[in-house]
Structures are given as C-alpha cells and as structure tokens.
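Numbering (mature numbering (1 follows the signal peptide of the UniProt record, and there is no 0)) for the sequence shown: -21 to -1, 1 to 432. Glycine is no exception: its CB is placed at the ideal position from the N, C-alpha and C atoms. The structure presented is a predicted model; accordingly, all values stated were derived computationally and were not measured.
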Amino acid sequence: MKKLFLTTVAVATLLSGASFAAELKFKPGEDSKFNWKSYEAFKTANSSLKGETLTIFGPWRGEDEALFQSVLAYFADATGVNVRYSSSENYEQQIVIDTQAGSPPNVAILPQPGLLADLAAKGLLTPLGDETANWVKENYGAGQSWVDLGMYKNKDGNKAYFAFPFKADVKSLVWYVPENFEEAGYKVPETMEDLVKLSDQIVADGGTPWCIGLGSGGATGWPATDWVEDFMLRTQPLDVYQKWTTNEVKFNDPRVVAAIDEFGKFAKNDKYVSGGVAAVASTDFRDSPKGLFDIPPKCYLHRQASFIPSFFPEGTKVGTDVDFFYMPTFASKADLGKPVLGAGTLFTITKDSKAARALVEFLKTPIAHEVWMAQSGFLTPFKGVNKDAYANDQVKRQGEILTTATTFGFDGSDLMPGKIGAGAFWTGMVDFVGGKSAEQVANDIQKAWDGLK
C-alpha cells in the first residue's frame, strides 16, 4: 500500500478500461537483447485464442499503466485476444466489491498478499496449480519465498497456489554519493559490522553518517518499519519473519525487540543522525536524503527503497552523482544467506478462462519481463531474463540483487492487519525515536494487535 502511495506522487492518470491496438514497442526479431524465441514459441502455442476477450483489473495507472500496456500488446499480438485493462483509485476496495458481486475481471493484479488470502478463503480465486508454483520456485531468485507469498487456504481450508509474482521492488538499499566517499577515503561496506565501523569512522572524522526522516503526513513512521523489517531478515530465519507478520511470533518477542533496538543504534544516536535524534521523526522522508548532496555533506548514507531517486535534486544521475549498495548482512549471521526486503505485484485469476491461463503462461516467458525492463520502473526476480535488457546498469544491479537473493521478505507492515502495519507499527516507531524503549513500544503494538476483533 505504501508503495502505491509513493509512486502515484509523480504520475498522471490515463483513461482506463479501453481495449487497445497491438502496437509493439520493439519489433520482434530486431534487437538481440530480447528473447524472441520465447515469444515465438508462446505465439505458436496460443494461436487458437484469437477472438477471445480478457479483462484485467490492477493497480497501475498513469505512466505505469502505459508501460504495462506495452507488455500486454505482445500478449495480444501473439494470441489475438482482445485485452481490456482497467484500474481505479480505490482498486483494493473495488476488487472486493466486484468479486463478491459475481462480476470480477478474468485477472486481478494486487500488491497485497493479505487481501488475496482473504479472497482465496472466500472461494473467489482460481488455483494456478502446482506446476506453476514449481516453475516459480525453480526460476525466480529466492523462489520458495515467492511461492510462499502466493500460497493461501481455499474455502475448504486447504492450501493452494493462487498468485503469480510479476514486477518487484527492492527496499534493502543504502544510498551514498561516490564523490564524497572518494574524497574521504571511505569504502562501501560488505558486512553490517563494517557499516557500523564506517559510521563510527565518519563521526571520528567530524562528519555525520546518516540522514533519516520518518515524516510522511498521516503515514509518519513508515520508513522506520522498513529498517526493522530489514533487521528482522538479517537476524532471524525467514520463517520467524513470516510468523511475526501473522502474529504467531508476537511483537514483544525478544527477537523482534532486538531488531527494533538494532534500528535504534542508528536512529537514536545523536552523533549518527543529521539534525540529531530530535529531527528524525519531524523530517519528511522525501527531504531526508537531500543532505547527501549538500557541500559539505550533511550526511553520507541514506537507507531507502529503489523509488527514492524520484526525490533527489533535479538532474541527479544515479550511478554518477549518487549510487547505492545492498544493505549488508551480519558476518556473524552468515547462515541466513542474502535476504532481501521488498514488495511486488501478484497476478490472480478471479474468473477462469483459457485466455486468463494463457496470460499466466505468458508471464513465464522472458519477453514479458524484458519489454518492461528495457523501458523504466521494472525489476524482476526471474533468472531467465537477459539482464542486459535493463534500461541502465543501475537498474540491472538492483535486478541482480533480486535474482541472487536467498530469501525474499515481503514488506512486513503490508502483510500485517491495517490497524497494525499501517497504524500501531507506524506510531510505535515515532514513539521509539521519541524516547520510548524498544520493549515498551513492542508491548504497545502487541496490545493493539491483541485488541483487534
């Protein structure tokens, strides 16, 4: 949900709901960076669908909708299916209304696994089958993690695979200005222990290591939840993280309290944070990275997701003026592998048809990913794509973080009930940087969870 709040800031709305002509962005066979063999094979296998209609309802509007339409054009061209995509400002509520009223689209696209789990439990989703689940497990980086995100109980209480992942986001990133590092003689840290040492070195040199801002209007506090989630993934196995998001592991469990305290080592240290601890909650998250670009820099490091360049000073070039590195793991916790925190959209069938099944098969082809990769704003964990199809080296590196991940943790606050993940967790983090202890905050959040009906 917060992903959509952020990405709609700078995009305009296009008209939705109309079918479109199959105008192909890249002519098949002409550019070797695309896997045209996958496209031709899919086209041959699905030529019998000509004349069918496929309705799709999803979250993408404005620029993202135009980019998704450019992908759908290849599906329409290959199959002859009449594809109609639509969206709504309140798409989460709309898909619930439409499915329960018996008038759903063929395919629904949602970034909320929890909402999809609710629809599956009511018998409103069609299983995609074990074959598709196994395909995702084998072909996606951290494949089992992505399969787990699409496994829900049906109306009989039996688990099945319902949701195919397509288009992901990476949150486990730390941003810095290479020129500042070069002038100061700093190196990109490879472990969390090295990151702490670097922070201490910056302080010793008279600088301030971090810019951190939790301000976001009514959503103030959410950036801190990402920090805590990253630390949960770096200190605990994935199953503990997953159980935490469902309240099987309580918020005031010592393991969760410890993760909150790890965030506190950065955010509650006056020497570590630009403006001091008092500025953390009051600084807007959109303004917080600007200190990286001041002369002299007000900070050297900023932890934030892949979308944050939208709020860098105009004209800033990622890879030259600013760069990023994967938020490192603890050397002492090497057994946890390379976890990545992020989010993503999931395709589900809400009204079964041959065309809907064919769309899921289309998403298994490299070309379905590469067309969007070559333009902008798209990352995929699919290991079978040509990485050189990415629009630039920086996005390519983010894609490699996904394909080489050993585990993928979906944004925990988005998996929790709204009153917790988009309520008590947010306010609890503000209280934490305001002076409350991790244990006090964790108890408060758990009390709120226990009070849900």
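For Thr324 and Ser289, the gap between their C-alpha atoms comes out near 20 Å.
Trp154: member of the beta strand (DSSP E) spanning Leu152 to Tyr155, first to last residue. In this structure, DSSP gives Gly37 an extended state, which the three-state scheme calls strand. At a Cβ-Cβ threshold of 8 Å, Ala142 and Thr327 count as neighbours.
In the three-state reduction of the DSSP assignment, Met408 falls in the helix class.
The closest CA to that of Arg234, considering only Asp300, Glu418, Gln73 and Gly30, is found on Glu418. The closest CA to that of Asp393, considering only Ala87, Leu95 and Ile74, is found on Leu95. Per DSSP, reduced to three states, the secondary structure at Met130 is strand. For Asp205, the enclosing alpha helix (DSSP H) stretches over residues Trp201 to Thr214. Exclusion of the five residues before and after Ala112 leaves Val126, Gly129, Met130 and Tyr140 as the residues of its chain whose Cβ lies within less than 8 Å of its Cβ. Rounded to the nearest whole angstrom, the CA to CA distance from Lys362 to Val350 is 15 Å.
Contact between the region 251 to 262 and the region 333 to 348 is absent, with fewer than three C-beta pairs closer than 8 Å. Of the other Cβ atoms in all chains shown, fewer than 16 fall within 10 Å of the Cβ of Gly136; this residue is therefore exposed. The beta carbons of Lys150 and Gly8 sit no closer together than 8 Å. A straight line joining the alpha-carbon of Thr299 with that of Val156 spans about 8 Å.
Taking the CA atoms as reference points, Trp154 sits about 16 Å from Ala203. With a beta-carbon spacing of about 7 Å, Cys190 and Lys277 fall inside the 8 Å limit used to define contacts.
Contact between the region 69 to 89 and the region 282 to 297 is absent: fewer than 3 CB-CB pairs across the two stretches fall below 8 Å. Across the structure, Gly254 and Phe21 are spaced so that their CA atoms are roughly 56 Å apart.
Counted as a single uninterrupted DSSP element, the alpha helix (DSSP H) harbouring Ser17 occupies residues Trp15 to Ala24. Counting only the Cα atoms, Leu381 lies some 8 Å from Ala121. By the criterion of at least three beta-carbon pairs nearer than 8 Å, the region 166 to 175 is in contact with the region 308 to 321. With a threshold of 16 other beta carbon atoms within 10 Å, Ile399 meets it and is buried. Taken through DSSP and simplified to helix, strand or coil, Asp393 comes out as helix. With respect to the 8 Å criterion, Lys317 and Ala384 are classified as neighbours on the basis of their beta carbons. For Ala139, the enclosing beta strand (DSSP E) begins and ends at Lys138 to Tyr140. DSSP lists Thr32 as the bridge partner or partners of Asn61. Here Pro318 carries a strand assignment [DSSP, helix/strand/coil].
Between the C-alpha atoms of Glu31 and Ala80 there is a straight-line separation of about 23 Å.
Comparing alpha carbon positions, the residue from Glu110, Ser124 and Glu161 closest to Ala147 is Ser124. When rounded, the separation of the alpha-carbon atoms in Thr344 and Gly407 is 43 Å. Taking 8 Å as the cut-off, the Cβ atoms of Ser49 and Lys4 count as close. Per DSSP, the unbroken alpha helix (DSSP H) holding Tyr220 starts and ends at Leu217 to Thr224. Residue environment analysis places Leu177 among the buried positions, since at least 16 neighbouring C-beta atoms fall within 10 angstroms of its C-beta. Remark: C-beta atoms of Val409 and Gly200 approach each other more closely than 8 Å. The alpha-carbon separation between Ala313 and Leu212 amounts to approximately 12 Å.
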